[in-house]
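Residue numbers (the UniProt record's numbering): 1 to 404.
Data block below; observations after.
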């Protein structure tokens, strides 16, 4: 029996570590996707943001956020920095493996924000917000679901297997709050309501980023099985990963078909975001089987095609389509669990979405507004026109390219 316990401890710990490594690789995917869908004059800043946000998320979540999320505090918040008392013996797997797997999810939520506010926000206000998100906002709402408090029974029964709401829509709500204060990029919208496309600089890089994210998602969803010590667990992981893959496939194909029908051409950027929306849509319920994943992914891919122009129509400028992918598809994916899982009610899922969304949006809006008042969120017009790279980093990603 002792040997069996040791083997389960080792296998469960290995799952967390290996899956966490895959999710960490998603940071590279976000960096490539964002740099590919924005302009060359901002690339160095984009890359700096992405490596810095990952580093800040890990440090702050270790010292503060992890124990606000999992510490035995109260129904609203965990016990605080380094006070949770979580041990490897109590968990049944290495506590540092648990921390590592959880922290890469935090960085994912921050990465969603980075793309939404790209090309006009100063570097340091964004990084300060990342610290607040990682240390306070993300772990408090995580305490209500994955942390086990269920907000004092308010959202009892809420189900989010790997984070359509807990991770992806959290990033989306925080990003929405920031972009409403920040405003659109110069030249994006005309006075007559015209929407002017601002093409990305490198669709090859954006496609590479999408494939990296796709691969990392197998760790994101597969690792959320949280155990590898039995035949049932590996069967579950296999089903989750296969379903995740199918949701991505159908999301991209649906986006391709719809853009052909609507615009008479296949829009690669929509196909990329359709693929990602399929992944986000499946993330709350990847354990419900491939047939459900196909439905979730197909609807997610369709939602993106309509959500991107919708945000443009209401004059919300999202350079990479992150709100459409992570917020809209995240909400849909969470609702889908209430539709397809007979053990979960739709009203419970709605309550979870509303409670988490309201908390994250309001708290994020307050933090963004304070940062705007103290140091200003937006670069000046000259910096935006010339590109953020020289002003924010002193470097250009492509110094041999000289603009007229």
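Ideal placement from N, C-alpha and C gives every residue a C-beta, glycine not left out.
- In the assembly as shown, residue 139 is a buried residue. Its beta-carbon has 16 or more other beta-carbons within 10 Å.
- No residue range can be given for residue 165, since it is assigned to no alpha helix (DSSP H) and is classified by DSSP as neither H nor E.
- If you draw a straight line from the Cα of residue 178 to the Cα of residue 130, it is about 12 Å long.
- By the Cβ test, the stretch 369-384 is not in contact with the stretch 9-25, since fewer than three Cβ pairs between them sit closer than 8 Å.
- Residue pairing by DSSP places residue 189 opposite 195 in a beta bridge.
- Taking C-alpha positions only, residue 401 is separated from residue 42 by approximately 13 Å.
- If you ignore the 5 residues before and after residue 312, its C-beta comes within less than 6 Å of the C-beta of 195, all in its own chain and listed in chain order.
- Annotation: residue 232 to residue 348 spans about 28 Å, alpha carbon to alpha carbon.
- Residue nearest to residue 155 within the set 141, 167 and 164 is 141 (criterion: CA-CA distance).
- Annotation note: the stretch 264-302 contains the following uninterrupted alpha helix (DSSP H) runs of length 4 or greater, listed N- to C-terminal: 268-283.
- Taking residue 280 as the centre and dropping the five residues before and after it, the same chain places the C-beta of 164, 168, 300, 325, 326, 329, 330 and 333 closer than 7 Å to its C-beta, in chain order.
- In this structure, the beta-carbon distance from residue 247 to residue 364 does not fall below 8 Å.
- The beta carbon of residue 123 is closer than 6 Å to those of 392 in its chain, skipping five residues each way along the sequence.
- Ranked by Cα distance from residue 356, the first of 71, 160 and 54 is 160.
- Rounded to whole angstroms, residue 170 and residue 115 show a C-alpha spacing of 14 Å.
- For residue 239, same chain residues with a beta-carbon under 6 Å away, outside a window of 5 residues either side, do not exist.
- Between residue 152 and residue 345, the CB-CB gap reaches or exceeds 8 Å.
- Non-local beta-carbon contacts of residue 56 in its own chain, meaning distances under 7 Å to residues more than five positions away in sequence, involve 127, 130, 131 and 134 in chain order.
- Relative to residue 297, the option among 395, 274, 315 and 288 whose CA is nearest is 274.
- When DSSP assignments are scanned along the stretch 305-382, the uninterrupted stretches of alpha helix (DSSP H) that are 4 or more residues long and fall wholly within it turn out to be 329-340 and 346-375.
- Within its own chain, the residues whose Cβ lies closer than 8 Å to the Cβ of residue 47, once the five positions on either side in sequence are excluded, are 31, 35 and 397, listed in chain order.
- For residue 389, the uninterrupted alpha helix (DSSP H) segment begins and ends at 388-393.
- With a cutoff of 8 Å on beta-carbon distance, residue 200 and residue 93 are scored as not near each other.
- The beta carbon of residue 147 sits closer than 7 Å to those of 69, 70 and 78, all from its chain and outside the five residues before and after it, given in chain order.
- With 16 or more other Cβ atoms from the protein chains shown falling within 10 Å of its own Cβ, residue 113 counts as buried.
- Within the DSSP secondary-structure output, residue 121 pairs in a beta bridge with 378.
- Here residue 16 is near residue 100, since their CB atoms are less than 8 Å apart.
- For residue 216, the closest of 8, 314, 25 and 10 by C-alpha to C-alpha distance is 25.
- Residue 316 has its alpha-carbon roughly 6 Å from the corresponding atom of residue 184.
- Going by C-alpha positions, residue 235 is about 16 Å away from residue 291.
- Shortest Cα-Cα distance from residue 306 to any of 288, 286, 271 and 338 involves 271.
- Linking residue 368 to residue 166 through their CA atoms gives a straight-line distance of about 20 Å.
- Put simply, of 366, 95 and 321 the residue whose alpha carbon is nearest the alpha carbon of residue 276 is 321.
- For residue 241 against residue 222, the beta-carbon gap comes to about 5 Å, under 8 Å, which counts as contact.
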